[in-house]
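Following: one structure in structure tokens, then a few remarks.
Residue numbers (my numbering): 778 to 856.
Here it is, written out as structure tokens:
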């Protein structure tokens, strides 16, 4: 079970930055496809809020994965 925790830790470490890159690519694409004027401003604002909320979540994934990879979760309490 500990080997699985360490392997999944590496998955979380990779998933954090990969998800941020994917979200930025989607944001640039959707903002670029929006009509000029108010629609483009609203789309940019929406994506800005989404990214503002999602970046700390992705950073938390990396931190969680780092601790799992280092073995911090190997000896969990029974209760």
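In this text, a Cβ means the ideal position worked out from N, Cα and C, and glycines have one as well.
Buried or exposed for residue i, going by 16 or more other Cβ atoms inside 10 Å?
i           : result
residue 780 : exposed
residue 845 : buried
Please look up how many angstroms separate the CB atoms of residue i and residue j, rounded, as I've assumed it's under 8 Å.
i           : j           : result
residue 821 : residue 808 : 5 Å
residue 828 : residue 804 : 6 Å
When DSSP labels each residue in this structure, what does residue i get in the three-state scheme?
i           : result
residue 800 : helix
residue 811 : coil
residue 781 : helix
residue 850 : coil
residue 806 : helix
Between the region 791–807 and the region 846–855, are three or more C-beta pairs nearer than 8 Å? Between the region 791–807 and the region 846–855 there are fewer than three C-beta pairs closer than 8 Å, too few to call the two in contact.
Can you confirm whether the region 781–793 touches the region 834–844 when touching is taken to mean that 3 or more C-beta pairs between the two stretches lie within less than 8 Å? Touching, yes.
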